Every structure is written in C-alpha cells, then in structure tokens.
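Below is one structure, written out as structure tokens; the observations come after it.
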Amino acid sequence: MAISSRHIDVRISRPAQPVYDYVSVPSNLPAWAPGLCDRVEEVDGEWVASSPMGRIVLKFAPRNDFGVADHEVTLADGQSFYNPLRVLPDGDECEVVFTLRRLDGVTDEEFERDAAAVGSDLARLKSLLEKA
C-alpha cells in the first residue's frame, strides 16, 4: 500500500491524441522509459518485457477516450505495482502526468531517485514526440 504519492508531469507541444496513442502502446516503452525495460513483446496475449528487475509482465488499461494509460507491472516473484499515467489535453498541447507512489519501506533517497528517473523518462518522451 502506498504511504504517499507524487505527481510528476511534463508538458508536450503536441495534441493529446497522438501522445496518448504513443504512450498507451506497451511496445513503445523501451524508447521512452529504458529504465523500466529494454525490450517488450507480446507473448500469448500478454506484454512481456526484459527489465533490470528481470522478466516483467505489463498490463495496460484498455484504450479509452479519457487519456488513461494506467498500467500494472508484475515482477517475476508475483509482486504487482499499479502505475497511474494520464494524458491531459490542453488546446494544441497536452500534459502527461505520472503518479509515483511511495510504498512502505521506501527511503527518502530511494523515492527521490525514483522520482528523478520518472522525470527523466517523461523528458525523453517529450523530446521524442516533439521531434515527430
């Protein structure tokens, strides 16, 4: 159970729909979140990834009209982590918001390191999509 949360966001100079179309596809994760995984493939109807934590399974929210790209990451030992991710329209631009949840036992230093990694991933996403 999370003991606190932090919303980490980035503004992207692209309309929300193409940004959502990109972030909601699991196979795009290695390009913008390489700390999470370096390869994703669909195996028997599941998205399986190679990550620094070993083999993980990714389950994304069904496509929707609200920009919700929440996803669950399940580790090989069965632990699952729910990651809220939203693409919020704002005119011809959008805001991408990731909610980082601090779990019981996570130190201040670990939480700050995780927040910095998420911020770096979102900056990479912004760079990729603004070049497109």
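If you read the sequence shown in my numbering, its first letter stands for residue 77, the second for the next number, and so on.
From the three backbone atoms N, C-alpha and C, an ideal C-beta is built for every residue, glycine too.
Computed from a predicted structure; not experimentally measured.
DSSP, reduced to helix, strand and coil, places A199 within a helical segment of the structure shown. Shortest Cα-Cα distance from P138 to any of P91, E148, K202 involves E148. Here DSSP, grouped into helix, strand and coil, assigns F142 to coil.
According to the DSSP assignment, P106 belongs to no beta strand (DSSP E) but to the alpha helix (DSSP H) extending over 105-108. In the DSSP assignment, D166 falls within the unbroken beta strand (DSSP E) covering 161-166.
A direct Cα-Cα distance of roughly 10 Å separates V119 from V133. Within the model, the alpha-carbon separation for S127 versus F187 is close to 19 Å.
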